[in-house]
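Asks:
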Amino acid sequence: ETVLTQSPPTLSVSPGERATLSCRASQSVNNNLAWFQQKLGQAPRLLFYGGSGRATGTPARFSGSRSGSEFTLTIDNLQPEDFAVYYCQQYNDWPPGTFGQGTRVDVK
Amino acid sequence: QLVQSGGGSVRSGGSLTISCSASGFTFSVHAMHWVRQTPRKGLEHVSSISSDGVNIFYADSVRGRFTLSRDNARNILFLHMGSLGLEDSGVYFCVKDSGPFKVHPFDLWGQGTLVSVSS
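Order-wise, the sequence lines are chains G and A.
The first sequence begins at 1 in the working numbering and counts up one residue at a time.
The second sequence begins at 1001 in the working numbering and counts up one residue at a time.
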């Protein structure tokens, strides 16, 4: 089973600044990794798939990238609505489609 | 969209069925999943079914106790949960796959259903 390790667990950022979130896979997932955003009391929402493929409705200030087994989600010019928990998920060798433990982005 | 129903509170050892009604897309060509969220384990992929219902997956934690099925004529997904334990408590999400089975992202989530198991 592929383990995804997200870091940091919590990221404190001021509005307007950049947030950089990391997700490292214990084995190759090729580009079959997705990023989700979850706000309190809501279901997760797909942001990116295939490492850097933007899902419908994902703002341009969000970007996804990959370097080897490490995937990065970057949020530029953080807006108030971006403060949430972000999860990565691999769908390369499911079942199961494992999730990372999440990174909480909160207000500094 | 995916609209979930069912869920609620049940005693340990009891059973519960939750369902997910799909609309706005061709249900029969997409795999479907259940993902649960708990404080202890976070997001956990519990069960999946291929678009044609032939291939079904269960996580080790629920295999033998949960049964997943789908009705492509009525666009509904069902998860029957039996022999429920305290560790099964959590919010259960119905999730649409962007493809028929495997190696496609999960692209649409239902609103979530709370399942609470008590002793």
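C-beta atoms are modelled at their ideal positions from N, C-alpha and C, and glycine is treated no differently.
1. Excluding the 5 residues preceding and the 5 following V1035 (chain A) in the sequence, name in chain order all residues of the same chain whose CB lies nearer than 7 angstroms to its CB.
2. Please report how far the alpha carbon of P44 (chain G) lies from the alpha carbon of V1091 (chain A), in whole angstroms.
3. What does the Cβ neighbour count give for S1089 (chain A), buried or exposed, with the cut at 16 atoms within 10 Å?
4. Using a C-beta cutoff of 8 angstroms, does D1107 (chain A) count as contacting chain G?
5. Any chance you could list the beta strand (DSSP E) runs of at least 3 consecutive residues sitting entirely within the stretch 16–56 of chain G, in chain order?
6. Counting only beta-carbon separations shorter than 8 angstroms, does A43 (chain G) have a partner in chain A?
7. Should N92 (chain G) be flagged as near chain A, meaning a C-beta pair shorter than 8 angstroms?
8. Could you tell me whether any Cβ in chain A is nearer than 8 angstroms to the Cβ of N31 (chain G)?
9. Determine whether the Cβ of F99 (chain G) lies closer than 8 angstroms to any Cβ atom of chain A.
Replies: Put simply:
1. Numbered from its first residue, the second sequence carries residue 1035 (chain A) at position 35. Once the five neighbours on either side are set aside, the close Cβ partners of V1035 (chain A) are L1043, E1044, H1045, V1046, F1093, V1095.
2. Within the first sequence, residue 44 (chain G) is the residue found at index 44, counting from 1. Within the second sequence, residue 1091 (chain A) is the residue found at index 91, counting from 1. The alpha-carbon atoms of P44 (chain G) and V1091 (chain A) are separated by roughly 12 angstroms.
3. For the purposes of this step, residue 1089 (chain A) is taken as the residue at position 89 of the second sequence. Under this definition S1089 (chain A) is a buried residue.
4. Walking along the second sequence from the start, residue 1107 (chain A) turns up at place 107. Yes, D1107 (chain A) lies at the interface with chain G (some Cβ there is under 8 angstroms from its Cβ).
5. Restricting attention to beta strand (DSSP E) runs no shorter than 3 residues, the stretch 16–56 of chain G encloses them at 19–25, 33–38, 45–49, ordered along the chain.
6. The residue given as residue 43 (chain G) occupies position 43 in the first sequence. Interface criterion met: the Cβ of A43 (chain G) is under 8 angstroms from a Cβ in chain A.
7. Along the first sequence, one-based indexing puts residue 92 (chain G) at 92. Closer than 8 angstroms: yes.
8. Here the question's residue 31 (chain G) lines up with position 31 in the first sequence. No, N31 (chain G) does not count as interfacial toward chain A.
9. Mapped onto the first sequence, residue 99 (chain G) falls at position 99. Taking 8 angstroms as the threshold, the shortest C-beta distance from F99 (chain G) to chain A falls below it.
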